[in-house]
Amino acid sequence: MTRKKIEIKKIDNITSRQVTFSKRRRGLFKKAKELATLCDAEIGLIVFSSTGKLYDYASSSMQQLTQRHDMYLDIHRSDQPGINLQIGSEGYNRLCHEIEDKTRELRQLKGEELQELTIQELQKLEELLRMSLISISKAKDEVNVKEIRELKKQEKQLMVDNSRLEQVIHEQGRSSDSMILSSSPDCPQHTEDFDTSLKLGFH
Numbered sequence: 011m012t013r014k015k016i017e018i019k020k021i022d023n024i025t026s027r028q029v030t031f032s033k034r035r036r037g038l039f040k041k042a043k044e045l046a047t048l049c050d051a052e053i054g055l056i057v058f059s060s061t062g063k064l065y066d067y068a069s070s071s072m073q074q075l076t077q078r079h080d081m082y083l084d085i086h087r088s089d090q091p092g093i094n095l096q097i098g099s100e101g102y103n104r105l106c107h108e109i110e111d112k113t114r115e116l117r118q119l120k121g122e123e124l125q126e127l128t129i130q131e132l133q134k135l136e137e138l139l140r141m142s143l144i145s146i147s148k149a150k151d152e153v154n155v156k157e158i159r160e161l162k163k164q165e166k167q168l169m170v171d172n173s174r175l176e177q178v179i180h181e182q183g184r185s186s187d188s189m190i191l192s193s194s195p196d197c198p199q200h201t202e203d204f205d206t207s208l209k210l211g212f213h
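One rule links them: number in my numbering = place in the sequence shown (from 1) + 10.
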């Protein structure tokens with residue numbers, strides 16, 4: 011019994027299309043990994059879904075593969091017109107790819123678009139979150155240490171100001187006491203002269 015051939019055409023149902031895309035994408039990436047392992051081939055895959063999501067795989071480094079690809083094109087297409095425009099376009103496309111990749115990572119860090127990730131991708135994301143938390147905790151500790159250091163500095167300055175204020179008050183108190191003591195002998199002398207005059211007048 012022969013197997014029925016499946017007609018290849020666009021799937022109209024959106025849900026079915028997404029399910030099929032997810033299954034076929036995983037199968038494609040699996041085959042690419044097997045080919046790279048079995049044949050020692052350098053493979054790079056870039057896939058955009060119908061919703062604009064980016065999926066990629068590189069057997070070594072995607073950046074190295076794209077650079078090698080661009081160098082190959084430069085060597086074999088150097089005689090073609092418009093090569094400068096071609097290089098500029100490739101650089102722009104590479105930049106767009108990097109921006110899209112970073113945007114996707116940010117969405118995943120916020121807990122979005124996780125349903126289609128593999129176990130390895132989820133573990134990688136978990137490790138990234140763990141490292142981010144460590145960095146945040148370290149930065150928080152540095153801020154706390156800086157604030158404590160500033161508070162101690164303010165405390166030290168307040169102690170110096172209080173000490174100066176106490177010294178000024180003490181000196182003002184001593185000055186007042188000196189003025190009182192210097193003016194005190196005049197009163198008894200005046201009283202004594204008054205008593206003497208009274209005694210002379212009585213006699």
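Cβ atoms here follow ideal geometry from the backbone N, Cα and C, with glycine treated the same way.
In the DSSP assignment, residue 46 forms no beta bridge with any residue.
In the three-state reduction of the DSSP assignment, residue 54 falls in the strand class, which pools E and B. According to the DSSP assignment, residue 66 belongs to the beta strand (DSSP E) that extends over 64 to 68.
Take residue 54, set aside five residues on each side of it, and the residues of its chain with a beta-carbon closer than 8 Å to its own are 66, 67, 68, 69, 72, 75, 76 and 79, in chain order. Taking C-beta separations shorter than 7 Å and ignoring five residues to either side along the sequence, residue 26 has no partners in its chain.
CA-to-CA, the gap between residue 157 and residue 167 works out to about 15 Å. Taken through DSSP and simplified to helix, strand or coil, residue 111 comes out as helix. Judged by their CB atoms, residue 32 and residue 110 are not nearer to each other than the 7 Å cut-off.
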